[in-house]
Amino acid sequence: MMSNVAEEVRAQFTGFEFGPPCAEVEVTRAEHALGQQLPLAIRSLYLAFDGFRGPTNARFMWPLFGRDGLVEFNGFLRSGSEFPRAFVSSCVFYGDAGIGEVWGIKHELPGRVIRWNASWGEDFEDAGSAPLEVWLKEKAAYDELARKTK
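Heads up, my numbering is the position in the sequence shown plus 3, with the first residue counted as 1.
In C-alpha coordinates form, the structure reads like this:
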(Lines of atoms letter the chains of each structure in order from A and count residues from 1; the text may use other names and numbers.)
(Lines give C-alpha, C1' and ligand atoms only; values in the text may rest on other atoms or scores of the structure.)
Protein backbone atom coordinates (compact mmCIF):
# COMPACT_ATOMS: atom_id res chain seq x y z
CA MET A 1 0.00 0.00 0.00
CA MET A 2 1.31 3.44 -0.92
CA SER A 3 1.87 6.05 1.73
CA ASN A 4 -0.22 9.22 1.66
CA VAL A 5 2.93 11.18 0.78
CA ALA A 6 3.65 8.87 -2.16
CA GLU A 7 0.07 9.28 -3.37
CA GLU A 8 0.45 13.06 -3.11
CA VAL A 9 3.73 12.96 -5.08
CA ARG A 10 2.04 10.98 -7.85
CA ALA A 11 -0.94 13.38 -7.83
CA GLN A 12 1.27 16.48 -8.01
CA PHE A 13 3.42 14.98 -10.77
CA THR A 14 0.74 13.38 -12.94
CA GLY A 15 2.12 12.62 -16.38
CA PHE A 16 5.72 12.29 -15.19
CA GLU A 17 7.69 9.04 -15.36
CA PHE A 18 7.74 6.93 -12.16
CA GLY A 19 9.61 3.68 -11.59
CA PRO A 20 7.80 0.61 -10.26
CA PRO A 21 7.61 0.14 -6.48
CA CYS A 22 10.68 -1.37 -4.81
CA ALA A 23 10.20 -4.53 -2.80
CA GLU A 24 11.19 -4.43 0.86
CA VAL A 25 14.05 -6.82 0.04
CA GLU A 26 15.43 -4.31 -2.51
CA VAL A 27 15.31 -1.48 0.02
CA THR A 28 17.05 -3.70 2.58
CA ARG A 29 19.71 -4.61 -0.01
CA ALA A 30 20.29 -0.91 -0.71
CA GLU A 31 20.59 -0.18 3.01
CA HIS A 32 23.10 -3.01 3.38
CA ALA A 33 25.15 -1.66 0.45
CA LEU A 34 25.11 1.82 2.00
CA GLY A 35 25.87 0.50 5.48
CA GLN A 36 22.95 2.43 6.95
CA GLN A 37 19.18 2.68 6.85
CA LEU A 38 17.55 5.00 4.37
CA PRO A 39 15.95 8.05 5.98
CA LEU A 40 12.26 7.33 6.57
CA ALA A 41 11.24 10.28 4.37
CA ILE A 42 12.63 8.55 1.28
CA ARG A 43 12.40 4.90 2.37
CA SER A 44 8.61 4.97 2.20
CA LEU A 45 8.74 6.62 -1.22
CA TYR A 46 10.98 3.87 -2.62
CA LEU A 47 8.43 1.31 -1.47
CA ALA A 48 5.90 3.21 -3.64
CA PHE A 49 8.10 3.96 -6.69
CA ASP A 50 11.72 3.44 -7.70
CA GLY A 51 12.53 7.01 -8.55
CA PHE A 52 10.82 9.50 -10.82
CA ARG A 53 11.59 12.19 -13.33
CA GLY A 54 10.41 15.75 -12.95
CA PRO A 55 10.27 18.67 -15.38
CA THR A 56 12.84 18.64 -18.20
CA ASN A 57 13.28 14.92 -17.45
CA ALA A 58 15.36 15.80 -14.37
CA ARG A 59 15.90 12.86 -12.03
CA PHE A 60 14.03 14.27 -9.04
CA MET A 61 14.37 10.90 -7.28
CA TRP A 62 17.02 8.47 -8.47
CA PRO A 63 16.32 4.75 -8.77
CA LEU A 64 17.88 2.73 -5.94
CA PHE A 65 20.23 0.73 -8.16
CA GLY A 66 21.85 0.98 -11.56
CA ARG A 67 23.89 3.60 -13.30
CA ASP A 68 23.58 6.84 -11.35
CA GLY A 69 21.23 5.24 -8.83
CA LEU A 70 21.16 6.17 -5.16
CA VAL A 71 23.45 3.33 -4.06
CA GLU A 72 25.99 3.87 -6.85
CA PHE A 73 26.11 7.67 -6.51
CA ASN A 74 26.44 7.68 -2.71
CA GLY A 75 29.11 4.97 -2.96
CA PHE A 76 31.00 7.07 -5.51
CA LEU A 77 30.92 10.13 -3.25
CA ARG A 78 32.09 8.14 -0.23
CA SER A 79 34.87 6.18 -1.94
CA GLY A 80 37.01 8.95 -3.38
CA SER A 81 39.28 11.49 -1.77
CA GLU A 82 37.96 14.37 -3.90
CA PHE A 83 34.86 14.82 -1.71
CA PRO A 84 34.69 15.62 2.02
CA ARG A 85 34.28 12.02 3.22
CA ALA A 86 32.92 12.77 6.70
CA PHE A 87 30.31 15.10 5.22
CA VAL A 88 29.13 12.90 2.34
CA SER A 89 29.05 9.86 4.64
CA SER A 90 26.72 11.77 6.98
CA CYS A 91 24.17 12.22 4.18
CA VAL A 92 22.06 10.11 1.86
CA PHE A 93 21.69 11.87 -1.49
CA TYR A 94 18.66 10.80 -3.52
CA GLY A 95 17.90 13.15 -6.42
CA ASP A 96 18.59 16.31 -8.36
CA ALA A 97 17.00 19.00 -10.50
CA GLY A 98 19.40 18.47 -13.37
CA ILE A 99 21.57 21.53 -12.70
CA GLY A 100 24.46 20.20 -10.59
CA GLU A 101 23.14 20.38 -7.06
CA VAL A 102 21.82 17.22 -5.43
CA TRP A 103 19.21 16.74 -2.71
CA GLY A 104 19.90 14.68 0.36
CA ILE A 105 19.08 14.10 3.98
CA LYS A 106 21.82 14.63 6.56
CA HIS A 107 21.72 12.25 9.54
CA GLU A 108 22.00 15.14 12.00
CA LEU A 109 19.06 16.93 10.31
CA PRO A 110 16.51 14.14 9.73
CA GLY A 111 13.55 16.52 9.28
CA ARG A 112 15.27 18.64 6.63
CA VAL A 113 16.26 18.20 2.99
CA ILE A 114 19.59 19.69 2.00
CA ARG A 115 20.83 20.91 -1.37
CA TRP A 116 24.53 20.31 -2.01
CA ASN A 117 27.01 20.86 -4.82
CA ALA A 118 30.39 19.12 -4.79
CA SER A 119 32.12 22.47 -5.33
CA TRP A 120 30.71 23.69 -1.98
CA GLY A 121 32.82 21.32 0.13
CA GLU A 122 31.00 20.81 3.43
CA ASP A 123 28.64 23.75 2.89
CA PHE A 124 25.02 23.07 1.99
CA GLU A 125 21.67 24.83 1.78
CA ASP A 126 18.50 23.97 3.66
CA ALA A 127 16.11 23.13 0.81
CA GLY A 128 12.98 22.37 2.84
CA SER A 129 11.32 20.07 5.32
CA ALA A 130 10.45 17.13 3.05
CA PRO A 131 11.19 15.82 -0.45
CA LEU A 132 7.70 16.68 -1.74
CA GLU A 133 8.02 20.30 -0.58
CA VAL A 134 11.37 20.61 -2.36
CA TRP A 135 10.08 18.97 -5.54
CA LEU A 136 7.04 21.24 -5.63
CA LYS A 137 9.22 24.36 -5.26
CA GLU A 138 11.44 23.15 -8.09
CA LYS A 139 8.45 22.30 -10.28
CA ALA A 140 6.96 25.76 -9.62
CA ALA A 141 10.25 27.37 -10.72
CA TYR A 142 10.24 25.34 -13.95
CA ASP A 143 6.57 26.15 -14.54
CA GLU A 144 7.28 29.87 -14.08
CA LEU A 145 10.17 29.71 -16.57
CA ALA A 146 7.92 27.95 -19.07
CA ARG A 147 5.27 30.66 -18.70
CA LYS A 148 7.82 33.42 -19.22
CA THR A 149 9.22 31.85 -22.38
CA LYS A 150 5.84 31.48 -24.10
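Using N, Cα and C, we set each Cβ at its ideal position, and we do this for glycine too.
Since this is a predicted model, take the numbers as computed values, not measurements.
- Item | Residues near residue 58 by beta carbon distance below 7 Å, same chain, minus five either side | Position 55 of the sequence shown, counting from 1, holds the residue named residue 58. Counting only Cβ-Cβ distances below 7 Å, and skipping sequence neighbours, we find 142 and 145.
- Query: Are there 16 or more other CB atoms within 10 angstroms of the CB of residue 148, so buried, or fewer, so exposed?
  - Reply: Numbered from its first residue, the sequence shown carries residue 148 at position 145. Under this definition residue 148 is an exposed residue.
- Task: May I have the straight-line CA-CA distance separating residue 4 from residue 51, to the nearest angstrom?
- Result: For the purposes of this step, residue 4 is taken as residue 1 along the sequence shown, with counting starting at 1. For the purposes of this step, residue 51 is taken as residue 48 along the sequence shown, with counting starting at 1. Caution applies to residue 4, whose pLDDT of 41 falls short of 50 and renders its modelled position unreliable; the model cannot decide the point.
- Other residues of its chain near residue 108: CB distance less than 8 Å, five sequence neighbours each side excluded: By 1-based counting over the sequence shown, the position of residue 108 is 105. Excluding positions up to five away in sequence, the list reads 42, 44, 45, 94, 95, 97, 115, 116 and 117.
- Item | Element boundaries [beta strand (DSSP E), containing residue 123] | Along the sequence shown, read from residue 1 onward, the residue named residue 123 stands at position 120. Taken as a continuous stretch (DSSP letters only), residue 123 belongs to no beta strand (DSSP E), as it is neither H nor E.
- Within 7 Å, strictly: CB atoms of residue 19 and residue 68: Translated into positions along the sequence shown, residue 19 becomes position 16. Translated into positions along the sequence shown, residue 68 becomes position 65. The answer is no: Cβ separation not under 7 Å.
- Message: Going by the DSSP bridge assignment, what does residue 118 pair with across the sheet?
- Response: Locating residue 118 in the sequence shown gives position 115, where the first residue counts as 1. Bridge partners of residue 118: 106 and 128.
- Would you decide whether residue 123 is buried or exposed? Buried here means 16 or more other CB atoms lie within 10 Å of its CB. Mapped onto the sequence shown, residue 123 falls at position 120. Looking at its Cβ environment, which holds fewer than 16 other Cβ atoms inside 10 Å, residue 123 is exposed.
- Message: On the criterion of 16 or more Cβ atoms from any shown chain inside 10 Å, does residue 113 qualify as buried, or is it exposed?
- Response: For the purposes of this step, residue 113 is taken as the residue at position 110 of the sequence shown. Exposed, since its Cβ has fewer than 16 Cβ neighbours within 10 Å.
- Message: So for residue 98, helix, strand or coil by DSSP?
- Response: Counted from its first residue, the sequence shown places residue 98 at position 95. Correct three-state label for residue 98: strand.
- Message: Considering only the alpha carbon of each residue, which of 103, 91 and 128 lies closest to residue 110?
- Response: Taking the sequence shown and counting its residues from 1, the one referred to as residue 110 is at position 107. The residue with the shortest Cα to Cα distance from residue 110 is 91.
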